[in-house]
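Q: In UniProt numbering, the protein residues as written are 1 to 40. So that we are looking at the same thing, I have put the structure below in structure tokens.
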């Protein structure tokens with residue numbers, strides 16, 4: 001079940017990343033990118 005929750009977390013990050021990118025909300029974009037860099 002750990003893999004499933006991890007996948008869900010990554011999916012939520014990607015979704016946030018995409019939404020902020022579309023809306024040109026670059027503060028959220030940068031924070032999300034920072035979290036992704038820490039995670040990966």
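All residues carry an ideal CB built from backbone N, CA and C; glycine is no exception.
(1) May I ask you to report which of helix, strand or coil DSSP gives residue 23?
(2) Tell me whether residue 32 is buried or exposed, calling it buried when 16 or more other Cβ atoms sit within 10 Å of its Cβ.
(3) Taking just the CA atoms, how far does residue 3 sit from residue 18?
A: Answer, in terms of the structure:
(1) coil
(2) buried
(3) 22 Å
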